[in-house]
Every structure is written in structure tokens, then in C-alpha cells.
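A.B. asks: Going down the list, the sequences are from chains E and Z.
In terms of my numbering, the first sequence opens at residue 1 and continues consecutively.
In terms of my numbering, the second sequence opens at residue 1001 and continues consecutively.
Mind having a look at this structure? Questions to follow.
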Amino acid sequence: QGLVPPNELKQLSAAGSKYIDAEVENAINGVKQMKTLMDKTSKEHQAMLHTLEETKKKKEEAVKLALEKEKQLAEKQEVCNETMLSLWEECKPCLKHTCMRVYSKMCHSGSGLVGRQLEEFLNRSSPFSIWVNGERIDDLLDREQRQERRFEDLEERFGLMEDGVEDIFQDSTQLYGPTFPFFRTPPFGGFREAFVPPVQRVHLVPRRRLSR
Amino acid sequence: ELHPFFQHPMHGFHRLFQPLFEMTQHMLDGGHGAWEHPLGGFATESRNFSTDRMVCREIRRNSAGCLRMRDECEKCREILAVDCSQTDPVQSQLREQFEDALRLAERFTRRYDDLLSAFQAEMLNTSSLLDQLNRQFGWVSRLGNLTQGNDGFLQVTTVFSKTPNLEDPSAPADTQVTVQLFDSEPLSLTVPGDISWDDPRFMEIVAEQALQHYKQNNTI
Chain E
1 QGLVPPNELK QLSAAGSKYI DAEVENAING VKQMKTLMDK TSKEHQAMLH
51 TLEETKKKKE EAVKLALEKE KQLAEKQEVC NETMLSLWEE CKPCLKHTCM
101 RVYSKMCHSG SGLVGRQLEE FLNRSSPFSI WVNGERIDDL LDREQRQERR
151 FEDLEERFGL MEDGVEDIFQ DSTQLYGPTF PFFRTPPFGG FREAFVPPVQ
201 RVHLVPRRRL SR
Chain Z
1001 ELHPFFQHPM HGFHRLFQPL FEMTQHMLDG GHGAWEHPLG GFATESRNFS
1051 TDRMVCREIR RNSAGCLRMR DECEKCREIL AVDCSQTDPV QSQLREQFED
1101 ALRLAERFTR RYDDLLSAFQ AEMLNTSSLL DQLNRQFGWV SRLGNLTQGN
1151 DGFLQVTTVF SKTPNLEDPS APADTQVTVQ LFDSEPLSLT VPGDISWDDP
1201 RFMEIVAEQA LQHYKQNNTI
């Protein structure tokens, strides 16, 4: 049976809405907390970018110097050419045998291709590669590429996170104004003023982010 | 695949960084040590499948990796020992400078990796925290396009007394309330019979239940 007369239903609705308004206000504060956390993270991200850039610069300078010295060494190596070349001719088959033994033991397929590639590589290479630990330079350049990819990947994900939080925040700010007029007055007005410029508050047009 | 995230940021910030973290961890655990002592490592039983796979891929991709095995061949070792400085003293100095530059470059490369890892770890923590906050409060962002009615976001449409409990006729019958919250479908909720509809707690219970329901349906 109906317990409440229709005119009382309005009062019940108002009482329930009051509770909901308080929860909405609390949630808006929570979203603001998300935004604050993201802003702080973005600042740290900027500082990190700066440190990364500096480190990268120093690394590139050192690699450049190493490449220069390697070049100079290569020009000088002719004096030792004869000794090195004869040793290299004997080193190559052993290197190929050792590498192929390891590869066949560990890897299921591709021995034929790897063998051919290795043979070509060794014929192209000079003993100088071994003498100057050439693979260390190769390694550095290789790692540089991997780091670049890793950096780009992280940056893309960071951007998505920033945009995601911004979207949630912007969507939440649409609740201000006509819908929640009480947000204009303290205590809620206080936090809104912190991030909504006065001009925007008049129009309350949500700022849509530009897609990255 | 990152694009779906644009449409559904609610799907989770943590999910953006977790796979990346696992991938890097896997790469660092498996990849590095393997080349450092290739033959020593390969001979032991402790070799694992992922390390093997990384090394196989590395050899297939770049034959230069095989140069690391030079210590296994006597003649190759002798090349390293060739001393050209007797015929050209400048050469040993050059080689030293080259080695110094290499060491420096390697140090900065490691530093760069460490910085990336530290940033990645921080993002993992932040994204987890953001997800937590989003689960708690993110539902409010779905309300942006709603307009509030004159009586607010919650409308009570009916309040009925349920059929009394036959097993305990002395107990007051529960109350069934139908409400509409925001733009959701009408929702039927039950309030214990001992709380009268004119008790302030009554609407508190109704609103709380309705909101819980809404959050469950609007937060992933």
C-alpha cells in the first residue's frame, strides 16, 4: 500500500538530493585531488625530461669522442696490419665455430641463416673491430635506439594519462554553475576559484583539450 | 594498443604502465647478463628459456654479437694483446682516450636507463593512485551533461509497504522505495521496516543505496 502522500514525495526527494549533493561535492573534491596529483606529476615529469636531456647530451658527446678516437686509431692501425691480419685469419674460423656451437645449443632454428650472416660479417670485418672492442660501440648505439623507443613509449603513455585526468577533470567542472549554484559560495567557491579563472566562471564553457 | 584509452580513460591508468613495466623488467632480467659471460652462462643449468630466446634473437639480428666470444679463441685473444705502441707511441695514448670515452658513454647510457626506470616506476605508482581515486570519485565526471531538476538529482516516485513477513508477523514490514537518480532508470530499493519514512535516516539510506548502485554501473 502507498505509505506516503504525493505531496510528501517532493520533500523526500529534496532530502535525498541534499545527501546526493554532498556526495557530488565530495567527488568533485576527489577529482580535484586527481588533478592536483597529475599537476604535481607533470612538474616532476618536466624536471625528469630536463635531466634526461642533459644525460643524453653528455652521453652523445662521449660517444662522439669515442667514435673520433676509433677513427684515429683505425688510421694508425696500418702499422700493425700485418701481425693483426694473420692472427685475424686464424681467429675467424674459431669465432664462427664457437658462435655457431652456442647458437645451435640454445636456439631451435635459423642456424643456416645465422651461419651465412656470420660468415659475411666476419669477411667484412677487420681485426681492428676486435682490437678496439668494437662491439662496445655497437652496443652503445644499439642501446641508444632502444632507449629512444622506450622513452617515446613512456612519453606517449604519460600523455594519455595526462589527457585522461584532464578529461575527467573537465567533465566534472561542467557541473559548476547553473547545476550546482551552491558551488559559487564558500566553502566550495574557494577551491573552484583556485582553478577556474573569473572570466571562465561567467561563461562556464568547458575547455576541451586538443588531441595529442 | 593505446588508442581505445582515448575513448575510455575509465579503463584504468595503471593498465597504461603495467605492461611496459613488465616488459622492461623482463628485458633487464633476461637480456643483460646473458651476453656478459656468454659461454660461462650457457654452460650452466641455470640458463632459462627467456634468456636463451633473447640471445638467439640478438645473434640473428646482429652477427656482431659473436665478437663477444673472442675470449674463447686463442688467436682472437692474441689480437687484443697486439701492442702497436712500439712502432707508434701515439697509438697507446689514443687507445686509452678511446677507452675512457667509451667508459664515459657507457656510464651515461646506464644513467639514462636508470632515469627511465625511475620515471617508469613513479608512473606505475601514480597511475595506481589515480585509478584508486578514479574508482572512488570518477563517476562524477559522467554527470557533466545532466541538468538538475527542481527537486534535485534524486526523485522519489513511490513508497510502498512490502507484504509483512509471515514467519514473524510482529516485525514491521520493510519499505520499498522507487527512485530515479540522475539519468538512470527507476530503481527499486528496500529500507528496513523499523525505519519510518519520516525518519531523517530513511532518505539517507535510500540515497546512499541509490548512489552505490549508480557508482557500480558507472565506474569500471
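C-beta: ideal position from N, C-alpha, C; glycine also.
Suppose the cutoff is 7 Å on Cβ atoms and the five residues either side in sequence are ignored; what does the same chain contact list for residue 74 of chain E look like?
C.D. replies: The residue labelled residue 74 of chain E in the question sits at position 74 within the first sequence. Around residue 74 of chain E: 128.
A.B. asks: Going by other Cβ atoms of all chains shown within 10 Å of its Cβ, with 16 needed for buried, is residue 82 of chain E buried or exposed?
C.D. replies: Within the first sequence, the letter at position 82 stands for residue 82 of chain E. Per the 10 Å Cβ criterion, exposed.
A.B. asks: At least one CB of chain E closer than 7 Å to the CB of residue 1214 of chain Z: is that the case?
C.D. replies: Start at 1 with the first residue of the second sequence, and residue 1214 of chain Z comes out as number 214. Cβ-Cβ to chain E under 7 Å: no for residue 1214 of chain Z.
A.B. asks: Bridge partners of residue 1190 of chain Z, per DSSP?
C.D. replies: Taking the first residue of the second sequence as position 1, residue 1190 of chain Z is located at position 190. Per DSSP, Z:1176.
A.B. asks: Indicate whether the contact test is met: 3 or more Cβ pairs, each with one atom in the stretch 27-42 of chain E and one in the stretch 1113-1133 of chain Z, closer than 8 Å.
C.D. replies: yes
A.B. asks: If we call anything under 7 Å between Cβ atoms a contact, is residue 1073 of chain Z one with residue 94 of chain E?
C.D. replies: Along the second sequence, read from residue 1 onward, the residue named residue 1073 of chain Z stands at position 73. Along the first sequence, read from residue 1 onward, the residue named residue 94 of chain E stands at position 94. It is a contact, given that the beta carbons lie within the stated cut-off.
A.B. asks: Give every residue of the same chain whose Cβ lies closer than 7 Å to the Cβ of residue 215 of chain E, excluding the five residues on either side of it in the sequence, and list them in chain order.
C.D. replies: Because chain E here runs from 1 to 212, residue 215 of chain E falls outside it and cannot be looked at.
A.B. asks: Roughly how many angstroms separate the alpha carbons of residue 29 of chain E and residue 10 of chain E, rounded to a whole number?
C.D. replies: Along the first sequence, read from residue 1 onward, the residue named residue 29 of chain E stands at position 29. Along the first sequence, read from residue 1 onward, the residue named residue 10 of chain E stands at position 10. When rounded, the distance between both Cα atoms is 28 Å.
A.B. asks: Can you tell me whether residue 1212 of chain Z is buried or exposed, with buried defined as 16 or more other CB within 10 angstroms of its CB?
C.D. replies: Numbered from 1 along the second sequence, position 212 holds the residue referred to as residue 1212 of chain Z. With fewer than 16 Cβ atoms within 10 Å of its Cβ, residue 1212 of chain Z is classed as exposed.
A.B. asks: Give a yes or no on whether 7 Å exceeds the smallest Cβ distance from residue 1063 of chain Z to chain E.
C.D. replies: The count along the second sequence starts at 1 and reaches residue 1063 of chain Z at position 63. At least one chain E Cβ lies under 7 Å of residue 1063 of chain Z.
A.B. asks: Mind checking whether residue 1094 of chain Z and residue 69 of chain E have CB atoms under 7 Å apart?
C.D. replies: Indexing the second sequence from 1 puts residue 1094 of chain Z at position 94. Indexing the first sequence from 1 puts residue 69 of chain E at position 69. A contact, by the Cβ cut-off of 7 Å.
A.B. asks: Quick check: the Cα distance between residue 149 of chain E and residue 1143 of chain Z, rounded to an integer number of angstroms?
C.D. replies: Here residue 149 of chain E refers to the residue found at position 149 when the first sequence is read from its first residue. Here residue 1143 of chain Z refers to the residue found at position 143 when the second sequence is read from its first residue. So the two alpha carbons sit approximately 39 Å from each other.
A.B. asks: Can residue 1156 of chain Z and residue 12 of chain E be called in contact, C-beta distance under 7 Å?
C.D. replies: Position 156 of the second sequence, counting from 1, holds the residue named residue 1156 of chain Z. Position 12 of the first sequence, counting from 1, holds the residue named residue 12 of chain E. Their beta carbons are under 7 Å apart, which means residue 1156 of chain Z touches residue 12 of chain E by this criterion.
A.B. asks: Check whether the Cβ of residue 1016 of chain Z lies closer than 7 Å to any Cβ atom in chain E.
C.D. replies: Locating residue 1016 of chain Z in the second sequence gives position 16, counting from the first residue. For residue 1016 of chain Z, the answer is yes, since a Cβ of chain E falls inside 7 Å of its Cβ.
A.B. asks: For the putative contact between residue 151 of chain E and residue 1123 of chain Z, defined by C-beta atoms under 8 Å, what is the C-beta separation to the nearest angstrom?
C.D. replies: Reading the first sequence from its first residue, position 151 is the one you call residue 151 of chain E. Reading the second sequence from its first residue, position 123 is the one you call residue 1123 of chain Z. Residue 151 of chain E to residue 1123 of chain Z, Cβ: 13 Å. No contact.
A.B. asks: Kindly indicate which three-state DSSP category residue 1013 of chain Z falls into: helix, strand or coil?
C.D. replies: Residue numbering aside, residue 1013 of chain Z sits at position 13 when the second sequence is read from its first letter. Looking at residue 1013 of chain Z - three-state DSSP - the assignment turns out to be coil, as it is neither helix nor strand.
A.B. asks: Is there a C-beta anywhere in chain Z that falls below 7 Å from the one on residue 15 of chain E?
C.D. replies: As a first step, residue 15 of chain E is located in the first sequence; it is residue number 15 there, counting from the start. Closer than 7 Å: yes.
A.B. asks: Out of Z:1182, Z:1019, Z:1110, state which residue places its alpha-carbon closest to the alpha-carbon of residue 1217 of chain Z.
C.D. replies: Sequence index remark: in the second sequence, residue 1217 of chain Z carries index 217 (1-based). When each option's Cα is compared against that of residue 1217 of chain Z, the closest is Z:1182.
A.B. asks: Counting pairs of Cβ atoms below 8 Å between the stretch 56-63 of chain E and the stretch 1105-1119 of chain Z, do you hit three or more?
C.D. replies: A contact exists between the stretch 56-63 of chain E and the stretch 1105-1119 of chain Z.
A.B. asks: Report the three-state DSSP secondary structure of residue 1221 of chain Z (helix, strand or coil).
C.D. replies: What the structure shows of chain Z is the stretch from 1001 to 1220, and residue 1221 of chain Z is not part of that stretch, so it cannot be assessed.
A.B. asks: Whole angstroms is fine: what's the gap from residue 1019 of chain Z's alpha carbon to residue 1064 of chain Z's?
C.D. replies: On the second sequence, position 19 is the one that residue 1019 of chain Z refers to. On the second sequence, position 64 is the one that residue 1064 of chain Z refers to. The straight-line gap from Cα to Cα measures roughly 30 Å.
A.B. asks: Give every residue of the same chain whose Cβ lies closer than 8 Å to the Cβ of residue 1059 of chain Z, excluding the five residues on either side of it in the sequence, and list them in chain order.
C.D. replies: The sequence position of residue 1059 of chain Z within the second sequence is 59, counting from 1. If we look at residue 1059 of chain Z and ignore the five residues flanking it on each side, its Cβ neighbours are 1065, 1066.
A.B. asks: At the level of alpha carbons, what is the spacing between residue 1139 of chain Z and residue 156 of chain E?
C.D. replies: Taking the second sequence and counting its residues from 1, one reaches residue 1139 of chain Z at position 139. Taking the first sequence and counting its residues from 1, one reaches residue 156 of chain E at position 156. For residue 1139 of chain Z and residue 156 of chain E, the distance between alpha carbons rounds to 25 Å.
A.B. asks: Counting only beta-carbon atoms, is residue 1205 of chain Z nearer than 7 Å to chain E?
C.D. replies: For this step, residue 1205 of chain Z is matched to residue 205 along the second sequence. Answer no: the Cβ-Cβ gap between residue 1205 of chain Z and chain E never drops below 7 Å.
A.B. asks: For residue 1195 of chain Z, which residues of its own chain have a beta-carbon under 6 Å away from its beta-carbon, when the five flanking residues on both sides are left out?
C.D. replies: Along the second sequence, one-based indexing puts residue 1195 of chain Z at 195. These residues qualify, in order along the chain: 1201, 1202.
A.B. asks: Rounded to the nearest angstrom, how far is the Cβ of residue 92 of chain E from that of residue 113 of chain E, given a contact under 8 Å?
C.D. replies: Position 92 of the first sequence, counted from the first residue, corresponds to residue 92 of chain E. Position 113 of the first sequence, counted from the first residue, corresponds to residue 113 of chain E. Rounded, the Cβ-Cβ distance is 19 Å, inconsistent with contact.
A.B. asks: Identify each residue in the stretch 1118-1146 of chain Z for which the Cβ-Cβ distance to at least one residue of chain E is less than 9 Å, and report them in chain order.
C.D. replies: 1118, 1119, 1120, 1122, 1123, 1126, 1127, 1129, 1130, 1133, 1134, 1136, 1137, 1138, 1139, 1140, 1141, 1142, 1143, 1144, 1145, 1146
A.B. asks: With a cut-off of 7 Å, does the C-beta of residue 188 of chain E fall near any C-beta of chain Z?
C.D. replies: Translated into the one-based positions of the first sequence, residue 188 of chain E becomes position 188. Because residue 188 of chain E carries a pLDDT of 37, less than 50, the predicted location of this residue cannot be relied on, and no value is offered for it.
A.B. asks: Whole angstroms is fine: what's the gap from residue 1041 of chain Z's alpha carbon to residue 24 of chain E's?
C.D. replies: Locating residue 1041 of chain Z in the second sequence gives position 41, counting from the first residue. Locating residue 24 of chain E in the first sequence gives position 24, counting from the first residue. In this prediction, residue 1041 of chain Z scores a pLDDT of 46, lower than 50, which makes its location untrustworthy; no coordinate-derived value is stated.
A.B. asks: Anything in chain E within Cβ reach of residue 1070 of chain Z, meaning under 8 Å, just list it in chain order.
C.D. replies: Residue 1070 of chain Z sits at position 70 when you count from the first residue of the second sequence. By Cβ distance, chain E contributes 91, 95, 130.
A.B. asks: Under the rule that 16 or more other beta-carbon atoms within 10 Å means buried, what is residue 1188 of chain Z, buried or exposed?
C.D. replies: Translated into the one-based positions of the second sequence, residue 1188 of chain Z becomes position 188. Residue environment for residue 1188 of chain Z: exposed (fewer than 16 other C-beta atoms within 10 angstroms of its C-beta).
A.B. asks: Below 7 Å between beta carbons is the criterion; list the residues of the stretch 160-173 of chain E that meet it against any residue of chain Z, in chain order.
C.D. replies: Taking 7 Å as the cut-off between beta carbons, the residues of the stretch 160-173 of chain E near chain Z are 160, 161, 164, 165, 167, 168, 171, 172, in sequence order.
A.B. asks: For the candidate residues E:90, E:102, E:5, whose alpha-carbon lies nearest to that of residue 1078 of chain Z?
C.D. replies: The count along the second sequence starts at 1 and reaches residue 1078 of chain Z at position 78. Ranking E:90, E:102, E:5 by Cα distance to residue 1078 of chain Z puts E:90 first.
A.B. asks: What is the DSSP secondary structure of residue 1181 of chain Z, counted as helix, strand or coil?
C.D. replies: Locating residue 1181 of chain Z in the second sequence gives position 181, where the first residue counts as 1. It is a strand residue.
A.B. asks: Checking contacts by CB at 7 Å: is residue 1201 of chain Z closer than that to chain E?
C.D. replies: Position 201 of the second sequence, counting from 1, holds the residue named residue 1201 of chain Z. Taking Cβ atoms only, chain E never reaches closer than 7 Å to residue 1201 of chain Z, which makes this a no.
A.B. asks: I'd like the span of the alpha helix (DSSP H) that includes residue 108 of chain E, first residue to last.
C.D. replies: Working through the first sequence from its first residue, we reach residue 108 of chain E at position 108. For residue 108 of chain E, there is no enclosing alpha helix (DSSP H), as DSSP marks it with neither H nor E.
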